[in-house]
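Number of protein chains: 2
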Amino acid sequence: MHILYTDCAHEIRRSTLLPIQETNLATIYDIAKAAGVTAATVSYVLSGKGSISQATREKVMRYASELGYRPNLIARSLIKQETHTIGLVIPHIINPFYAGIAETVERSAYARGFRTMITNTYEDERLGAELLEDLAARRVDGIIALPGGLSFSAIQSMIASGLPVICCLWEEEEGQEVSLAVGLDFKRGGQLVAEHLLGLGHRRISVIVDVKANGRIDHHLRFTGCQEALANAACPLDAALVSNGDSSLESGEAAAHQLLHLPNPPTAIFATNDLMAIGAMVAAWKLGMRVPADLSIIGFDNIALAPFTSPPLTTINVDRDRLVKLALDLLLSIIEGKQLEPPPLLAPELIARASTAICPASR
Amino acid sequence: MHILYTDCAHEIRRSTLLPIQETNLATIYDIAKAAGVTAATVSYVLSGKGSISQATREKVMRYASELGYRPNLIARSLIKQETHTIGLVIPHIINPFYAGIAETVERSAYARGFRTMITNTYEDERLGAELLEDLAARRVDGIIALPGGLSFSAIQSMIASGLPVICCLWEEEEGQEVSLAVGLDFKRGGQLVAEHLLGLGHRRISVIVDVKANGRIDHHLRFTGCQEALANAACPLDAALVSNGDSSLESGEAAAHQLLHLPNPPTAIFATNDLMAIGAMVAAWKLGMRVPADLSIIGFDNIALAPFTSPPLTTINVDRDRLVKLALDLLLSIIEGKQLEPPPLLAPELIARASTAICPASR
DNA sequence: TTGAAAGCGCTAACAT
DNA sequence: ATGTTAGCGCTTTCAA
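Protein chains in written order, with the UniProt record's numbering: chain E, 1 to 363; chain G, 1 to 363.
Following this line, the structure appears as structure tokens:
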């Protein structure tokens, strides 16, 4: 009796409120009605919980597939208070470094039962805050946040509201670190670059570094790491040899173009990410310079493309798989209510390929 | 009275069922209670509908921000029967071509009030079907589906269930097209390649084409378009000069390596996507060949990176912005219940850069 | 202008 | 082993 009543109500509502052409998907009530049981029973067999007789189970399953039943995860999320969805906030998916991260996060999260919503900030903090708000409104279970387009306050406000946020690869001045983070030893990365270039005999070394319009150095740590190592080797960085970019191919080319037109141009260029390094490579090519014979170029990130530039790009590797695993472990453990210690900084690693070579002057 | 009762029930439930540390976000009931009105009233002021006195409106708004209210989009979705979310299914975000599409879709959809769930199939049809099912279970309002990892039957089953699906850039034999699609004239793209290479005097032309393990040519149309144009110019494609890849950098390099070791190697290589073309460029570089002096290379897609390879890559441009706009227009109009005519095929365009040049033999 | 009440599709405690 | 019931947070019709 109750079933009939409920069902009736369903039908009334549907015919009045929903657009006509909509093919309504079956609900557990439809299955229940067909199988002559109650919705709770259907829920039990579908979820595999409770104790249900084999006969009922089979009957329900049959009708479920017959009616093309597809669970409504929205309804499930509402009652369970969890969406099994995480948010991933990155600056720009067009940068293969972030695309690689996004891929790994999506894959690993999916393997652990979570879907991920990938969102780009385009380095815009207003948009970034808005996107975070929206993710929270959509009740994602947690967020993995990469820097660029995300202000500290925006992050803090999420955390304050009880939403787990893991900050990944943030590169701030010491002391500004957020508590739940998995980071990389960027400073060491910068050092490795300096050591590599110095070891090849380079003395006139340029750096193309990502600096935002507001003057903030985005790649602060990798820059100072390099700068300090150079100074320690009695080969301090010449300010005239430092140029700015915005992490894009275009900016890398423009910066290199400018540097290579200097009266006393550099023999090596360190671009603080691979995209700018690739931009620098074309700039050299367009000037008829050969890499690495005339000019050494080194990047940072080791994007999937790095081994496939002509010549293959020397760069600093970031262990993406490990990074993502740590971040996800941290996030999911918090979601499950456990507390995990944030891991130590990951160690960068120099990958020597063919874009760097002995300094011509020192030959 | 009722408010108190309801609220009481809320609190009981919360304290018994939810994990302890969870910071519960305010609901409209919390606001209602604080403001001394009913939940319906709160809903009205928040949505801007209904007629509400200025005084009530302000009071509600004040408490809303005071309590840090964030709407629960899950609850909203459940009752409104719409999530304002679309699904985007692509093979592999690591391919900059798809990253570009994904970026454009996300941006444009967001501008129109929709979030997008980006999902990768990794060319795995089993996974693809699973992901589609999941998107449907999450009740996305519609799906934009790119080929690779998506079987016809999986798509059909979504459409049959009433979920709008727009197929983008499918490259199938004629007659197999899906109804709601926005496509590109791939065949014409292949022709453009052939004409360009022929015009530069090349006769020994290689093609590196994406062929799946099951023998299906993924880049079928761009391949046959080129093949036919070559045949029409009395310069039929030599089967020995055709090699297979899987759209990856690696496969492009491997295929080119093999082709360039042939007793009578090609003077030009057409890779059916830019990634393989870039792979081919390194292969040439590793063999000490100069592009384009010794070997011309042409790709397909015009990824953001194409102008920044050394030398910049000649390729076929796909108007991504227009493509995405058309797909989104189509999808959103269907979601809104309107019907729109699928647009005509987009026209590809050859972008001549520096990776192709006059055939050395014909100089 | 506001309140009462029903219901979106599902889960889970409790009762039988 | 199965049914009853309440409720997740919200929207919306209907009544007052």
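Ideal Cβ placement from N, Cα and C applies to all residues, glycine included. Source: prediction; values computed, not measured.
| query | result |
| --- | --- |
| Three-state secondary structure assigned by DSSP to G:Pro344 | coil |
| Assigned exposure category for G:Ile94 - 16 Cβ within 10 Å defines buried | buried |
| Interfacial residues, the segment 307-332 of chain G to chain E, with Cβ spacing under 9 Å | Pro307, Phe308, Thr309, Ser310, Pro311 and Pro312 |
| Segment limits, alpha helix (DSSP H) that includes E:Phe186 | Phe186 to Gly199 |
| Residue ranges of each beta strand (DSSP E) within the segment 291-328 of chain E, 3 or longer | 296-298 and 315-317 |
| Any C-beta of chain G under 9 Å from that of E:His257 | no |
| Assumed close pair E:Ser251, E:Met276 - CB separation to whole angstroms, cut-off 8 Å | 6 Å |
| Where E:Arg115 falls: helix, strand or coil (DSSP) | strand |
| Proximity test, Cβ basis, 9 Å: E:Glu22 and chain G | Residue placement at E:Glu22 is flagged as unreliable, the pLDDT there being 45, under the threshold of 50; the coordinate-derived value follows with that caveat. Yes - at least one Cβ of chain G is within 9 Å of the one on E:Glu22. |
| Whole-angstrom distance between G:Phe114 and E:Val140, CA atom to CA atom | 16 Å |
| Proximal residues to E:Arg320 (C-beta, below 7 Å), its chain only, five neighbours per side dropped | Gly100, Ile101 and Thr104 |
| Identity of the residue in G:Arg203, G:Thr41, G:Val211 and G:Gly245 nearest G:Asn232 by Cα | G:Arg203 |
| Closer than 9 Å to chain E by CB, G:Gly288 | no |
| Min CB distance E:Thr27 to chain G below 9 Å | no |
| Residue from E:Pro344, E:Ala352 and E:Ala347 whose Cα sits closest to the Cα of E:Ser307 | Looking at the sequence shown, residue 307 of chain E is not Ser but Pro. Minimum Cα distance to E:Pro307 is reached at E:Ala352. |
| Within-9 Å CB hit, G:Pro71 to chain E | yes |
| Residue-level contact to chain G via CB, E:Met117, 9 Å cutoff | yes |
| Touching by the beta-carbon criterion (3+ pairs, under 8 Å), the segment 45-56 of chain E and the segment 207-227 of chain E | no |
| Chain G contact for E:Ala352 (CB, 9 Å cutoff) | no |
| G:Gly189 at chain E interface by Cβ criterion, 9 Å | no |
| Counted within 10 angstroms of its Cβ, other Cβ atoms place G:Glu22 as buried (16 or more) or exposed | In this prediction, G:Glu22 scores a pLDDT of 45, lower than 50, which makes its location untrustworthy; the coordinate-derived value is nonetheless stated afterwards. Looking at its Cβ environment, which holds fewer than 16 other Cβ atoms inside 10 Å, G:Glu22 is exposed. |
| Backbone secondary structure at G:Ala154 - three-state DSSP | helix |
| Nonlocal neighbours in the same chain, by C-beta distance under 6 Å from G:Ile118, ignoring five residues either side | Leu88 and Ala102 |
| Any chain G beta carbon closer than 9 Å to E:Arg139 | yes |
| CA-to-CA distance, G:Leu221 to G:Thr121, given in whole angstroms | 22 Å |
| Chain-order list of residues whose beta-carbon lies under 8 Å from that of E:Ile155 (same chain, five-residue window excluded) | Leu132, Ala145, Val165, Cys167 and Val178 |
| Close beta carbons around G:Ile303, own chain, < 6 Å, minus the five adjacent residues each side | Pro96, Phe97 and Asp274 |
| Within chain E, partners of G:Asp134 - CB distance below 7 Å | Arg115 |
| Short Cβ contact (9 Å threshold) for G:Leu180 with G:Ile334 | yes |
| Nonlocal neighbours in the same chain, by C-beta distance under 6 Å from E:His219, ignoring five residues either side | Val209, Asp210 and Thr272 |
| For G:Ala243, three-class secondary structure by DSSP | Residue 243 of chain G is actually Ser in this sequence, not Ala. G:Ser243: strand per DSSP, three-state reduction. |
| For E:Glu125, three-class secondary structure by DSSP | helix |
| Contact with chain G by E:Ala340, beta-carbon distance below 9 Å | A small fix is needed here, since residue 340 of chain E is Leu in this sequence, not Ala. False, the Cβ-Cβ gap to chain G never drops below 9 Å. |
| Cutoff 9 Å: G:Gly279 Cβ touching any chain E Cβ | yes |
| Among E:His196, E:Met61 and E:Ser247, the one whose alpha carbon lies nearest that of E:Val37 | E:Met61 |
| Boundaries of the beta strand (DSSP E) in which E:Ser206 is found, first to last residue | Ile205 to Asp210 |
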